[in-house]
Ligand SMILES: *Cc1c(COP(=O)(O)O)cnc(C)c1O
């Protein structure tokens, strides 16, 4: 039995007629840029994320870029972020002429370690500390970073907070016992991606920025259209960061099913936890995703979306050999991410390669993502776990 890392067909099949009708309606309307369909999706995403403003943009990358532009991040500025993320997190910082200020991650959650962030800021010479303007925490794999201590740090140091929530739309975070805001609604701006492999994916590229501040929302809206306000009058230089109505109608249909898909992914995660525990591999050292980070508090509060499982990521020994073994057996898997950001070639000249973030480097060497999409069947999951188990039987024990 082959098990793909992701199969979008079973999600599209039951929605196909509805989506085709909506797409046809866009084509027949003749309105192909922004307009009421994009506004309707913006309102739906704002309501879902429990924030007042949402601005549809061309991708998750452009959501990050336009947010940092609106916060006036530029040459000479430092932006505190994680070395363990998709390239876009740091790419947007570099494209604005700013520099990433990396902070190592927490080994359990894979997200920025707030204690390390504090040590980094406290250890900076004051001239450099004054250049730190913003923080970009990433909610990796679908679970929020430790935002409470990070927000406290941001307040203390006067940093803007842009959440890279590309993998975490809908994920809730325990800001207080009775307040579980959703990802994106915690900082100054929250950025989502509608890349097809995200929990809410379009039929192409797309993204969204959400925020609380009306003036910031207006500025992002203006920057999305080259910074022209009114049209053809430019006090600011923006870009073409617009979301298409074609994507908007598809995404609005799919958004209605998102809570169910999140729940299905969580059920699949639980099933993996049980299957993996039964193999004895967990006792031998295989590390499954850290359910415990917010799960207990969520259960006590009756909150469901404490983790939306965009990815289900293991830590294993002999990762590369296991990866090859799974692929050979027809099991889709992937490494997110094999090269930490500070080791990327584009930073060679800038001296970052001499820096060391041991927790991120270890994660890059040990992590492996398994298929977790909502329509995965119990038989497929059993097959994935059987092949993993077979690998360690053939190739020697876990540690
Ligand atoms: C997907 C992703 C992005 C970029 O989103 P695109 O829509 O592909 O531009 C940024 N950051 C993270 C963490 C992502 O997973």
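In my numbering, the protein residues as written are 501 to 899. All C-beta atoms in this analysis are idealised placements derived from N, C-alpha and C, irrespective of residue type, glycine included.
For residue i, the three-state DSSP class (helix, strand or coil)
i, result
"residue 900", "One cannot answer for residue 900 here, as it falls past the ends of the chain, which runs 501 to 899."
"residue 591", "helix"
"residue 897", "coil"
"residue 582", "coil"
"residue 626", "helix"
"residue 734", "strand"
"residue 492", "No statement about residue 492 is possible, as the shown extent of the chain runs from 501 to 899 and does not include it."
"residue 698", "coil"
"residue 722", "helix"
"residue 763", "helix"
"residue 889", "helix"
"residue 560", "helix"
"residue 526", "helix"
"residue 867", "strand"
"residue 540", "helix"
"residue 639", "coil"
"residue 555", "strand"
"residue 714", "helix"
Cα-Cα separation, residue i to residue j
i, j, result
"residue 625", "residue 631", "10 Å"
"residue 816", "residue 870", "12 Å"
"residue 681", "residue 551", "9 Å"
"residue 822", "residue 516", "37 Å"
"residue 814", "residue 530", "47 Å"
"residue 729", "residue 735", "8 Å"
"residue 866", "residue 726", "43 Å"
"residue 862", "residue 518", "45 Å"
"residue 864", "residue 584", "8 Å"
"residue 526", "residue 702", "15 Å"
"residue 849", "residue 596", "17 Å"
"residue 876", "residue 511", "11 Å"
"residue 818", "residue 895", "9 Å"
"residue 514", "residue 827", "29 Å"
"residue 675", "residue 549", "15 Å"
"residue 855", "residue 769", "35 Å"
"residue 501", "residue 868", "20 Å"
Proximity of residue i and residue j at Cβ, strictly below 8 Å
i, j, result
"residue 720", "residue 709", "yes"
"residue 651", "residue 601", "no"
"residue 872", "residue 699", "no"
"residue 642", "residue 679", "no"
"residue 743", "residue 558", "yes"
"residue 717", "residue 555", "yes"
"residue 657", "residue 621", "yes"
"residue 840", "residue 857", "yes"
"residue 669", "residue 522", "no"
"residue 592", "residue 568", "yes"
"residue 739", "residue 723", "yes"
"residue 772", "residue 812", "yes"
"residue 580", "residue 659", "yes"
"residue 616", "residue 653", "no"
"residue 837", "residue 586", "yes"
"residue 801", "residue 677", "yes"
6 Å CB neighbourhood of residue i in its chain, flanking five on each side removed
i, result
"residue 859", "604, 605, 607"
"residue 831", "503, 884, 887"
"residue 690", "663, 665, 684, 710"
"residue 575", "597"
"residue 565", "592"
"residue 614", "646, 649, 650"
"residue 561", "588"
"residue 803", "672, 680"
Residue burial classification, residue i (beta-carbon count within 10 angstroms, cutoff 16)
i, result
"residue 880", "buried"
"residue 842", "buried"
"residue 806", "buried"
"residue 611", "buried"
"residue 765", "buried"
"residue 578", "buried"
"residue 810", "buried"
"residue 520", "exposed"
"residue 731", "exposed"
"residue 774", "exposed"
"residue 820", "exposed"
"residue 542", "buried"
"residue 633", "buried"
"residue 900", "Lying before the first or after the last residue shown, residue 900 is absent from the chain, which here runs from 501 to 899."
"residue 745", "buried"
heavy atom of ligand 3 below 7 Å from residue i C-beta
i, result
"residue 575", "Because ligand 3 does not appear in the structure shown, any question about it cannot be addressed here, the ligands present being ligand 1."
Neighbourhood of residue i by C-beta distance below 7 Å, restricted to the same chain and skipping five residues each side
i, result
"residue 505", "832, 833, 834, 871"
"residue 776", "782, 786, 788, 885"
"residue 762", "670, 699, 805, 808"
"residue 829", "887"
8 Å Cβ shell around residue i - same chain, five flanking residues per side excluded
i, result
"residue 714", "552, 553"
"residue 705", "558, 559, 694, 695, 747"
"residue 781", "888, 889, 892, 898"
Chain B contact for residue i (CB, 8 Å cutoff)
i, result
"residue 778", "In the structure shown, chain B cannot be found, because there is only a single protein chain."
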